[in-house]
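Notes for the one structure printed next.
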Amino acid sequence: MKALIPALLLTFISITAVLAKGGPPINELCPVDGKAGRVIYRVFSEKGTIIFCCATCLDTYQKSPASYPVAPKAEK
Ligand SMILES: [Zn+2]
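Letter by letter, the sequence shown follows residues -20 to -1, 1 to 56 of mature numbering (1 follows the signal peptide of the UniProt record, and there is no 0).
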């Protein structure tokens, strides 16, 4: 059990490092089609990091960002 803790900590640190660039995403759902967003498909805007469900939606958004208002994550 004790050996698990450093491993979990390392995992947490690497996730944090990935998210640190541009900050955590401001949304949870893809602004284009409303599916669950994935952190690997993201853009950095002045509002913060916006995530998408797939590369196609990311492209669609970047062609016309004003057409897809981003719904911010609900506060927990
Ligand atoms: Zn999408």
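C-beta: ideal position from N, C-alpha, C; glycine also.
From a predicted model like this one, the values you see are computed outputs, not experimental measurements.
Sorted by chain position, residues whose beta-carbon lies closer than 6 Å to a non-hydrogen atom of ligand 1 are C10, V12, D13, K15, F32, C33, C34, C37. Annotation: the continuous beta strand (DSSP E) that includes Y21 extends over 18 to 25. Spanning the alpha carbons of V23 and L(-12) requires a straight line of approximately 27 Å. Taking a 10 Å sphere around the C-beta of I30, we find 16 or more other C-beta atoms and assign the residue as buried. Of the residues assessed, G17 falls on the buried side of the cut-off, its CB having 16 or more other CB atoms within 10 angstroms. I(-16) has no beta-bridge partner at all, per DSSP. Our two residues, K43 and C37, have alpha carbons roughly 10 Å apart in a direct line.
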